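Let me begin by presenting the structure, written as structure tokens, before commenting on it.
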Amino acid sequence: MTCSWWNSGWLLGLLLLAFELQFMAATPSPMSLANFLLALREGPVVLPQMSQLSHFRTFSCTSRRDGAYPDLQSSCTAYFRCLGGSVFSYVCPVGQKFDREEQECKPARSVSCPALFPHTRKCRNQTDGFYPDYADGCRSYYRCHDDEVVATGRCDRGTLWDFATSSCGSSLRTTCSPPSCWGLPDGPHPVEGSGCTAYFTCKDGLRTDNICPSGTIFDYMEKVCVSSSRSVCYERVCEGRQNGKHAMPRAPCHAYFRCFNAALVQVEVCPARHIFDGYECVRAGNFSCWTENNVSCAERPDGVYSGDDKECRGFFLCRQNRLVKSFKCASGLVFNGENCVDSQNYICSSRPKVPDCSNKLDGYYITDKSNCRAFYYCREGSKLSDHNCPGNYVFNGEHCTDPQNFSC
């Protein structure tokens, strides 16, 4: 039996996702094998119709565990599956609905679909401001002040209330989907599609909507509204970025986010006493968060580079021609081009001029005037990394060895 091009593309997409999560991530993937096999068994992912696109775009798996969740706007005739932070959409066969407890589609008469709006009374515990009326498909809106509805309004035909602009916008560009607390822990969560201007709080399955005061945005890490000058809206942070992990902009070194297919699928904080080095969470003993003002990753291949400080303690990580993060070795340690090492095992002098790798084959080369102790690695005409042999060892062109075995 042959697969259609769509089935093949779907399967390839899931396999690529699995490969991405298992091998590109530096820490164990949140995707479970059981859920991956379930996704394979369920068949092709269904492309949402135009009428479904708005709520498909606003269902987020970023903070949800792997598993399936009912699409309440379809009265449970469809459902979403979260796999490692990515979201996939499925539709039950005719006459069936998705059973959350059984995690499968069953005859509609035997399934009790949760209410679409598990919400507290309007304006109760909500911050002052304007909110869309989800029960009316966002065609109308209301204003909260001191926990009371003080005004209502209705958008013109063809427009919906837009959280991101606090105004009525074209229904073709505005999403209208009530956030769901299904699968989310109690606490605040960002409203997808709001431009980080809104968030909702879950408690015992009930949702309370809130908006941030003017001049502030919802911070994914602090889980509160903060000044937009000291935070970044992560809603579109993955646009133009490769799949994988990236350091959190304007955030401490202990946080990172993960992208897949230009979508944000994970925001994580490293364990205590660990920092994110651009690839994984590592012990902070040999590192410290450090900002280097005069570094540039323009035209540099991905990799780690020595800083220009005279103490040889600074280094920085480049990825996609962008500065991921700058670091500084702890006191008593120096950066040897690869790791922070004991200063007694590395000769630190003023940073030498970057060796020229143009017209050189890929491989290791001895650094001039280093008595064969320093060497570097070239790849595709660019220097990828610097190295230094420990102690009194020297580099023989292949590896560090006892000077008695090699004459420099």
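Quick note on numbering: full-length UniProt numbering labels position 135 of the sequence shown as 135, and the sequence is numbered without any gaps.
For glycine and all other residues, C-beta sits at the position ideal for the given N, C-alpha and C.
Here the structure is a predicted model, which means the values were calculated and not measured.
Residue range G187 to P190 is occupied by the beta strand (DSSP E) that includes P190. Taking one beta carbon from each stretch, the segment 61-74 and the segment 181-196 have 3 or more pairs nearer than 8 Å; the two touch. The shortest C-alpha to C-alpha distance from C270 to any of S86, S167, A263 and E280 is the one to E280. Between the segment 82-92 and the segment 206-219, the count of C-beta pairs closer than 8 Å stays below three; the two stretches do not touch.
Look at P271 here: in three-state DSSP terms it is coil, with no helix or strand label. Distance from the CA atom of S407 to the CA atom of Y346, rounded to whole angstroms, is 20 Å. Less than 9 Å divides the Cβ of C372 from the Cβ of N396. For S170 and W161, the gap between their C-alpha atoms comes out near 9 Å. F316 is positioned such that its CB atom lies no closer than 9 Å to that of V334. For W161, the enclosing beta strand (DSSP E) has its first and last residue at T159 to D162. 9 Å or more divides the Cβ of P114 from the Cβ of L172.
For a cut-off of 8 Å, the C-beta gap from V267 to Y199 is around 14 Å, too long to register as a contact. Distances from the alpha-carbon of H254 to those of N261, K245 and F260 put K245 closest. Excluding five sequence positions before and after D156, the CB atoms of its chain that fall closer than 7 Å to its own CB belong to C168, given in chain order. With a 10 Å radius around the Cβ and a threshold of 16 neighbouring Cβ atoms, E222 comes out exposed. For the beta strand (DSSP E) assignment, the uninterrupted runs of no fewer than 3 residues enclosed by the UniProt domain "Chitin-binding type-2" (58-115) are, from N- to C-terminal side, 67-70, 78-83, 86-91, 96-99 and 104-107. Cβ neighbours of A284 within its own chain (closer than 7 Å, five residues either side excluded): R273, H274 and I275.
Relative to W182, the option among V394, R236, R207 and Y256 whose CA is nearest is R207.
For K325, the uninterrupted beta strand (DSSP E) segment begins and ends at R322 to C329. Under the three-state reduction of DSSP, N210 is assigned to strand. Shown here, A135 sits in a helix according to DSSP, grouped into three states. Only residues of its own chain outside the window of five on either side were considered, and among them C297, R300, D302, G303, Y305 and V324 have a CB closer than 7 Å to the CB of C318, listed in chain order. Residue environment for N405: exposed (fewer than 16 other C-beta atoms within 10 angstroms of its C-beta). In this structure, K122 sits away from V111, with a CB-CB distance that is not shorter than 9 Å.
For the options T201, N261, V237 and S229, the alpha carbon positioned closest to that of N243 is the one of N261. Annotation: C400 to C259 spans about 38 Å, alpha carbon to alpha carbon. A198 carries a strand assignment under DSSP once its states are collapsed to helix, strand and coil. Short of 7 Å from the beta carbon of D402, and not among the five residues preceding or following it, lie these beta carbons of its own chain, in chain order: Y393. Counting only residues of its own chain and dropping the five nearest sequence neighbours on each side, S75 has a CB closer than 6 Å to the CB of C113. T216 is bridged by DSSP to S227. A distance below 6 Å between beta-carbons, with the five flanking residues on each side excluded, links Y364 to the following residues of its chain, in chain order: F375 and Y377.
Sequence-distant partners of T201 (beyond 5 residues in either direction) whose C-beta falls short of 6 Å from its own C-beta, in its chain, are P188 and T208.
E148 sits in a strand when the DSSP states are folded into three classes.
It is roughly 17 Å from the alpha-carbon of G95 to the alpha-carbon of Q103. Taken through DSSP and simplified to helix, strand or coil, R121 comes out as coil.
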